[in-house]
Amino acid sequence: MLKVIMNTNYKIFNAAEYWQRETSLPSIPTFCQQVDKLLGSDGVQLGTITELLGLPGTGKTQMCLQLCASIQIPKALGGLEAEALYIDTNTNFRIHRYQEILKSCLLKCQKLLDTSEVIDEEEALKRLHYVGAFGVVEFGALMHMLPTYLRDRPKIRLVVIDSIAFPFKEGVSARERSGLLFRQMSELQRCAVERQIAVVLTNEMSTRLGLSGGSIVGSMGDAWSHRGTVRLLLSSTERGRAAVLVKSNVAGAGVASFQITKEGIRDVE
Amino acid sequence: MQKLHSKDHVLLKEKVIKLLHQNKITTILDFLQEDVEKLSTLAKLSLPQILSIRLEYFNKYSAPVINGNALFTKCIISKKFISTGLSSLDNITGGGIPVGFITELYGLAGSGKTQLLFQVAINCASNNEGTILYIDTKGDFSAVRVQKMLQAHGYSHKNMAAVLMKIKIVHIWSLDELIEFLRRIKNRTEFIENLSVILIDSLPCLMFQYLGDDCKVGLSALNVFVNYCNYLCKEMHLSIVCVNIQTRWVDQNASDLEDDIESSVSKETVRIEKRNRCLGRYWQHIPALVLLVERTKDCENGSAEINISVTKSAFGVSNLSCTLKLSELGVT
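From first to last, the protein sequence lines stand for chains A and B. Residue 1 is where the first sequence starts when you use our numbering, and the numbers rise one by one after that. Residue 1 is where the second sequence starts when you use our numbering, and the numbers rise one by one after that.
What follows is the structure, given as structure tokens:
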């Protein structure tokens, strides 16, 4: 361990170089322009960790599926033409739904490119890598292996963990959970920053009575809410769906509305 | 452990050292711990001679005594604060970020600590000669955001570039790596020209990685980190700013005592929110200046008011506070 650290090369950038690097990085569009604009970086930016918060049924998983489809947008349209890794911890993933979203995403691209090239659905589906990691042991082992896995598959530019809180529901104390989470996140982020991979996490809400600023907060406590760089709260009311930017290092707080259609995440007309 | 050396004292000849070696007295510590009379027989030196060697070692290795006047002169000729460029913040802190000490910035998640740090980095870089080093432990630094803040303040492209060039960023993901990095700065194997401020955002992200371990590895690493910080602060005349966080917990049983008297009255639990400054007890005493950041008001247009209060200061009165505005422009 110590030897590894001794050989570490610390990369020191100046902010001007960093700016160039940041502005040349593409983002993954959510297919809802309002949400993209809200995030301040035209979508989910590569190299950062974005946390999606919300009650059940507010569209967290749908948003993840949409991003897994958007990552395949061809380079000709300014897309990444890359692959995604979906880490399912709460059995929310439905392949049929993904197929549906992916197909409409690709059809839209085809229309924009104005080609009659046949979409190879099978090939497109191969660009999604799915892992079902259930329970804290499986999840921990997966996170341990993840840097190697990502190194071997350089085309993966998006990692989705749906949800981050689920594996820690049982079998670990709060202190152990924090320790584990912070270690896993810093390893994941090291990868994400070096390889310019976007990381999207979903998190549930929990109730903490008597707390200032509202008793319904993201689960896993205040220390965890400090960890993420971007936090997007999704909500659903009779008046429609909305995304609230709760925390960001680039954009100010704000709200955007979106809808979930058969095709995926879209702007409200 | 340092070994005995013939250069240490005129009486400590090679021959003497060899004799001592044969009796397993090799380091200075061994020498000082050994009985003087025994040493005198072993080294074939007189008792006063042994005592004079001992005295020489004590003189050489004990901490030096400086008189008050010299200390005061040293203090007034050296620079004491780096202005944050925010006049109200400079007012409450007594001049800005103290040079030669550790400053802490703490507050709840999303209260504006990182944004304040961006602003401080910009202001320090544009008003001073020195270089700002931003140690990023959670991928929070955004040069795009910094550039937008500069643009909003009306900087020309040339000035913008000059400021950006003076802010250096390094990503560090574990406390071991941070300690090694500071060690290299100390040894000058990692050289940053004209370094004047180190901003660490944030320390808990590294420290919390040790939570849940029963052994105290994290605490001892924190101690090593603090020692390096103190050394760098003093020797290189740096200011170090660390970001810490606040967590909340709710106390439910505050009204239990009164309930005993009027037990028939409906028991409405009183919930009192308590806030906790993280990183443990040891850390609480380390920073010379502690600033609490609180988001007090959110405005319609996405901007917010943040309140900054001094909760501990080694430089004057504490309990002062000021209000700053956090907006598209940055912190003003």
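Every residue, glycine too, gets a C-beta built ideally from N, C-alpha and C.
For the 7 Å CB-CB criterion, Ile28 of chain A and Ser70 of chain A form a contact. The alpha-carbon separation between Leu150 of chain B and Asn123 of chain B amounts to approximately 10 Å. Within the segment 73-108 of chain A, no run of alpha helix (DSSP H) reaches 4 residues while sitting entirely inside it. With respect to Val144 of chain B, Leu199 of chain B sits apart: the two C-beta atoms are not nearer than 7 Å. For Glu273 of chain B, the nearest beta carbon of chain A is closer than 7 Å to its own beta carbon. Membership of Val16 of chain B in the alpha helix (DSSP H) is indicated by the continuous run Glu14 to Gln22. Rounded to whole angstroms, the gap between the alpha carbons of Val159 of chain A and Val137 of chain A is 19 Å. The Cβ of Gln45 of chain A sits no closer than 7 Å to any Cβ of chain B. Per DSSP, Lys166 of chain B is one residue of the alpha helix (DSSP H) stretching across His157 to Lys166. Distance check between Ala243 of chain A and each of A:Gly228, A:Gln72, A:Gln259 and A:Asn249 places A:Gln259 closest, using alpha-carbon atoms only. Comparing alpha carbon positions, the residue from B:Pro64, B:Asp176, B:Thr311 and B:His237 closest to Ile132 of chain B is B:His237. Residue burial is scored here from C-beta neighbours: Gly132 of chain A has fewer than 16 other C-beta atoms within 10 angstroms and is therefore classed as exposed.
Cβ contact annotation for Trp283 of chain B (same chain, cutoff 7 Å, sequence separation greater than five): Leu222, in chain order. Phe13 of chain A and Leu4 of chain B have their C-alpha atoms spaced approximately 45 Å apart.
The continuous stretches of beta strand (DSSP E) do not include Trp224 of chain A, which lies in the alpha helix (DSSP H) extending over residues Gly221 to Arg227. By the Cβ neighbour-count rule, Leu52 of chain A is buried, with 16 or more other Cβ atoms within 10 Å of its own. For Ser111 of chain B, the number of other beta carbons within 10 angstroms of its own is at least 16, and it is reported as buried. A Cβ-Cβ distance of about 6 Å is found for the pair Val310 of chain B and Thr93 of chain B, placing them in contact under the 8 Å criterion. Listed in chain order, the positions of the segment 100-126 of chain B with a beta carbon within less than 7 Å of a beta carbon of chain A are Leu108, Ala109, Gly110 and Thr114.
For His171 of chain B, the neighbours in chain A by C-beta distance under 8 Å run, in chain order, Lys11, Arg190 and Val193.
Identification of chain A residues near Leu211 of chain B by a Cβ-Cβ cut-off of 8 Å yields Arg175, Glu176, Ser178, Gly179 and Phe182, ordered along the chain. Contact check between the segment 228-248 of chain A and the segment 57-70 of chain A: three or more CB pairs, one atom from each, fall below 8 Å, which counts as touching. For Phe181 of chain B, the neighbours in chain A by C-beta distance under 9 Å run, in chain order, Thr8 and Tyr10. For Ala16 of chain A, the neighbours in chain B by C-beta distance under 8 Å run, in chain order, Ala143, Ala161, Leu164 and Met165. In the displayed model, Lys44 of chain B falls within coil according to three-state DSSP, outside both helix and strand. Residue contact with chain A for Lys216 of chain B: absent (no Cβ-Cβ distance below 7 Å to any residue of chain A).
Contact with chain B is absent for Leu65 of chain A, since none of that chain's Cβ atoms lies less than 7 Å from the residue's Cβ. With respect to the C-alpha of Asp162 of chain A, the residue from A:Leu67, A:Gly40 and A:Ser41 having the closest C-alpha is A:Leu67.
By the neighbour-count criterion, in which 16 or more other beta carbons inside 10 Å mark a residue as buried, Ile25 of chain B falls on the buried side. Contacts with chain B (Cβ-Cβ distance below 7 Å) from the segment 214-238 of chain A involve Gly221, Asp222, Ala223, Ser225, His226, Arg227 and Thr229, listed in chain order. About 15 Å separates the Cβ atoms of Glu204 of chain A and Ser215 of chain A, ruling out a contact at the 8 Å cut-off.
Under the Cβ criterion (8 Å, minimum of three pairs), the segment 94-106 of chain B counts as touching the segment 283-292 of chain B. For Val246 of chain A, the uninterrupted beta strand (DSSP E) run begins and ends at Gly240 to Lys247, by DSSP. Under a 10 Å Cβ-count criterion, Tyr61 of chain B is classified as exposed, with fewer than 16 other Cβ atoms of the shown protein chains found around its own Cβ.
DSSP lists A:Arg266 as the bridge partner or partners of Gln259 of chain A.
Interface annotation, Asn203 of chain A: not in contact with chain B, CB-CB separation never under 7 Å.
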